[in-house]
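Take a look at the structure below.
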Amino acid sequence: MPAAASPRRGWRRTTLLIAGAAVLGVLAGTITGYAVQYHREPTPLPPLAQQQLVTPKALAPNDSTTNKTINANRWHKTDDDLSKLLVEAPAGAKVEGAGYTSLDTFSVDFEEPDAVFGILAGDGIRRLASTSWAKDDRVFVQVHLLQFNDLSGADNYQKEQSAYMPEKKYAGNEGVAIPGLSGELGHVWVNSEAEQEPGYHPIRGGRAIARRGDIVLDIYYFDNRGKVSQSDILDLAKRQLERL
Numbered sequence: 027m028p029a030a031a032s033p034r035r036g037w038r039r040t041t042l043l044i045a046g047a048a049v050l051g052v053l054a055g056t057i058t059g060y061a062v063q064y065h066r067e068p069t070p071l072p073p074l075a076q077q078q079l080v081t082p083k084a085l086a087p088n089d090s091t092t093n094k095t096i097n098a099n100r101w102h103k104t105d106d107d108l109s110k111l112l113v114e115a116p117a118g119a120k121v122e123g124a125g126y127t128s129l130d131t132f133s134v135d136f137e138e139p140d141a142v143f144g145i146l147a148g149d150g151i152r153r154l155a156s157t158s159w160a161k162d163d164r165v166f167v168q169v170h171l172l173q174f175n176d177l178s179g180a181d182n183y184q185k186e187q188s189a190y191m192p193e194k195k196y197a198g199n200e201g202v203a204i205p206g207l208s209g210e211l212g213h214v215w216v217n218s219e220a221e222q223e224p225g226y227h228p229i230r231g232g233r234a235i236a237r238r239g240d241i242v243l244d245i246y247y248f249d250n251r252g253k254v255s256q257s258d259i260l261d262l263a264k265r266q267l268e269r270l
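In terms of this note's numbering, the sequence shown opens at residue 27 and continues consecutively.
Structural data, given as structure tokens:
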């Protein structure tokens with residue numbers, strides 16, 4: 027039985043239109059506020075609660091100096107090797123790939139690869155790490171971590187990918203929220219219908235999408251016996267979130 031192929035993914039880009047009257051109303055209110063504030067005496071600021079702020083002593087660079095040591099106070103584990111944060115495959119699974127993925131390779135799985143490439147690049151995608159595995163020639167899993175330069179890019183991807191999943195062409199249902207996250211930040215779907223071709227076992231898919239900071243996890247789960255446990259995908263998504 028060949029490995030289950032990724033379904034072509036959709037993409038939605040919604041443009042929000044703001045009424046001109048609303049904009050003018052906000053602008054008028056802002057101007058009025060400035061006019062009132064202009065004629066008031068300035069209010070003195072309260073003293074700092076901590077007069078002497080403790081900061082690390084600056085050291086001269088040497089052979090051991092790295093970008094991480096220079097930015098020690100701002101360094102987060104997600105600034106390190108992103109591929110190290112990928113969830114590990116279960117015991118007995120055959121790992122088919124783990125590491126960084128190029129944007130063009132990732133975009134190929136979408137219905138309009140060129141458009142998706144441009145959208146992700148425009149949203150400031152920083153890097154992409156992926157892993158995949160197969161177990162018992164039945165279960166096939168793909169895990170993607172997409173890190174963006176800021177929260178807005180990650181928020182766009184997470185919301186836009188989640189928006190079309192309830193459609194019949196994709197999951198065909200509303201799915202469930204990942205425990206510990208609001209439904210807007212993490213969701214899991216199991217396809218309502220399995221795909222079946224003559225001579226092959228029915229393939230049912232599931233998907234998990236969640237955001238933590240500037241990273242979005244995007245997990246695809248396939249079973250070529252047509253049975254997918256929602257709890258299995260939820261558990262996988264929660265384990266991946268814990269590593270972030």
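Just so it is clear, CB atoms sit at the ideal spot from N, CA and C, and this is done for glycine as well.
Note that the coordinates shown come from a computational prediction; the quantities given were computed from them, not determined experimentally.
Using the C-alpha atoms, what's the distance from alanine 263 back to isoleucine 245? Position 219 of the sequence shown, counted from the start, is the residue given in the question as residue 245. Position 237 of the sequence shown, counted from the start, is the residue given in the question as residue 263. Isoleucine 245 and alanine 263: Cα-Cα distance of roughly 7 Å.
Residue range of the unbroken alpha helix (DSSP H) whose run includes glutamine 184: Translated into the one-based positions of the sequence shown, residue 184 becomes position 158. Taken as a continuous stretch (DSSP letters only), the alpha helix (DSSP H) holding glutamine 184 covers 177-190.
I need the straight-line Cα distance from methionine 191 to leucine 177, nearest angstrom please. Numbered from 1 along the sequence shown, position 165 holds the residue referred to as residue 191. Numbered from 1 along the sequence shown, position 151 holds the residue referred to as residue 177. In a straight line, the C-alpha of methionine 191 is about 22 Å away from that of leucine 177.
Beta-carbon contacts of alanine 180 that lie in its chain and below 8 Å, excluding the five residues immediately before and after: On the sequence shown, position 154 is the one that residue 180 refers to. If we look at alanine 180 and ignore the five residues flanking it on each side, its Cβ neighbours are Leu172, Gln173, Phe174, Arg237, Gly239, Asp240, Ile241 and Val242.
Only counting the same chain, and skipping five residues up and downstream in sequence, which positions put a Cβ closer than 7 Å to that of alanine 160? Taking the sequence shown and counting its residues from 1, one reaches residue 160 at position 134. Around alanine 160: Ala29, Ala119, Lys120, Glu122 and Phe166.
Three-state secondary structure (DSSP) of aspartate 162: Your numbering for residue 162 matches position 136 in the sequence shown. Correct three-state label for aspartate 162: coil.
Apply the 10 Å Cβ neighbour rule to asparagine 226 and answer buried if 16 or more other Cβ atoms are within range, or exposed otherwise. Locating residue 226 in the sequence shown gives position 200, where the first residue counts as 1. It should be pointed out that residue 226 corresponds to tyrosine in this sequence rather than to asparagine. So tyrosine 226 counts as exposed.
Which residues bound the alpha helix (DSSP H) around leucine 129? Indexing the sequence shown from 1 puts residue 129 at position 103. Element bounds for leucine 129: 129-133.
Between glutamate 186 and leucine 207, what straight-line distance do the alpha-carbon atoms span, to the nearest angstrom? One-based indexing of the sequence shown puts residue 186 at position 160. One-based indexing of the sequence shown puts residue 207 at position 181. Cα to Cα, the separation comes out at about 17 Å.
Range of the contiguous beta strand (DSSP E) that encloses isoleucine 241: Position 215 of the sequence shown, counting from 1, holds the residue named residue 241. That run of the beta strand (DSSP E) goes 241-249.
Please identify the residue among Gly144, Tyr247 and Leu112 whose C-alpha is closest to the C-alpha of alanine 220. Working through the sequence shown from its first residue, we reach residue 220 at position 194. Of the candidates Gly144, Tyr247 and Leu112, the one whose C-alpha sits nearest the C-alpha of alanine 220 is Tyr247.
Would you kindly work out how many angstroms separate the C-alpha atoms of serine 133 and asparagine 88, rounded to a whole number? As a first step, residue 133 is located in the sequence shown; it is residue number 107 there, counting from the start. As a first step, residue 88 is located in the sequence shown; it is residue number 62 there, counting from the start. Near 41 Å, if we compare the C-alpha coordinates of asparagine 88 and serine 133.
Rounded to whole angstroms, what's the CA-CA distance from glycine 148 to proline 72? Just pull it up for me. For this step, residue 148 is matched to residue 122 along the sequence shown. For this step, residue 72 is matched to residue 46 along the sequence shown. C-alpha separation (whole angstroms): 42 Å.
Just reading off the beta strand (DSSP E) that isoleucine 235 is part of, what are its end residues? The residue given as residue 235 occupies position 209 in the sequence shown. From DSSP, the beta strand (DSSP E) with isoleucine 235 extends over 230-238.
Is proline 205 helix, strand or coil by DSSP? The residue labelled residue 205 in the question sits at position 179 within the sequence shown. Coil.
By the DSSP assignment, the alpha helix (DSSP H) with alanine 86 in it spans what residues? As a position in the sequence shown, residue 86 is number 60, starting the count at 1. Element bounds for alanine 86: n/a, residue is neither H nor E.
Any idea if arginine 230 is buried or exposed, counting beta-carbon neighbours within 10 angstroms, 16 or more meaning buried? Within the sequence shown, numbered from 1, the residue matching residue 230 stands at position 204. By the neighbour-count rule (16 or more Cβ atoms within 10 Å), arginine 230 is buried.
If you follow the beta strand (DSSP E) that glutamate 122 is part of, which residue opens it and which one closes it? Taking the sequence shown and counting its residues from 1, one reaches residue 122 at position 96. Glutamate 122 -> beta strand (DSSP E) spans 120-126.
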